[in-house]
Amino acid sequence: MTGKQHIHCAIENCHYYSAGNKCTANEILVANDQFCNSQPDHVDAPMASQITPASAESCMSTACKSFVPKGSDKVTADGIKKMQ
Ligand code: SF4
Numbered sequence: 001m002t003g004k005q006h007i008h009c010a011i012e013n014c015h016y017y018s019a020g021n022k023c024t025a026n027e028i029l030v031a032n033d034q035f036c037n038s039q040p041d042h043v044d045a046p047m048a049s050q051i052t053p054a055s056a057e058s059c060m061s062t063a064c065k066s067f068v069p070k071g072s073d074k075v076t077a078d079g080i081k082k083m084q
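Residue 11 in UniProt numbering sits at position 11 of the sequence shown; the count goes up by one each step and never skips.
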């Protein structure tokens, strides 16, 4: 894969949210709601290659598994790093 990826996100209370609607996580995992609701916090982007892909019916049934609220004590639970 080539090129520099950037992710825009408008979830202002996420630990990785930055002004201008930018995501500063070094990697994220998007999955369907069923997966996100059933998996523990430590299952996230660093484990992506081990996760079985699944379908979603629409954007309404997808979610960012990497979301963690600002100030949460779980910001290190998944191994994702905040880029500066
Ligand atoms: S981790 Fe997910 S919810 Fe948080 S800023 Fe990035 S894309 Fe948005």
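Just so you know, even glycine gets a beta-carbon here, dropped at the ideal spot from N, CA and C.
Three or more beta-carbon pairs separated by less than 8 Å are not found between the segment 15–26 and the segment 50–57, which leaves the two stretches without contact. Relative to residue 22, the option among 68, 56, 7 and 62 whose CA is nearest is 7. For residue 36, the uninterrupted alpha helix (DSSP H) segment begins and ends at 33–38. No residue range can be given for residue 56, since it is assigned to no beta strand (DSSP E) and is classified by DSSP as neither H nor E. For residue 41, same chain residues with a beta-carbon under 7 Å away, outside a window of 5 residues either side, are 74, 77 and 78 in chain order.
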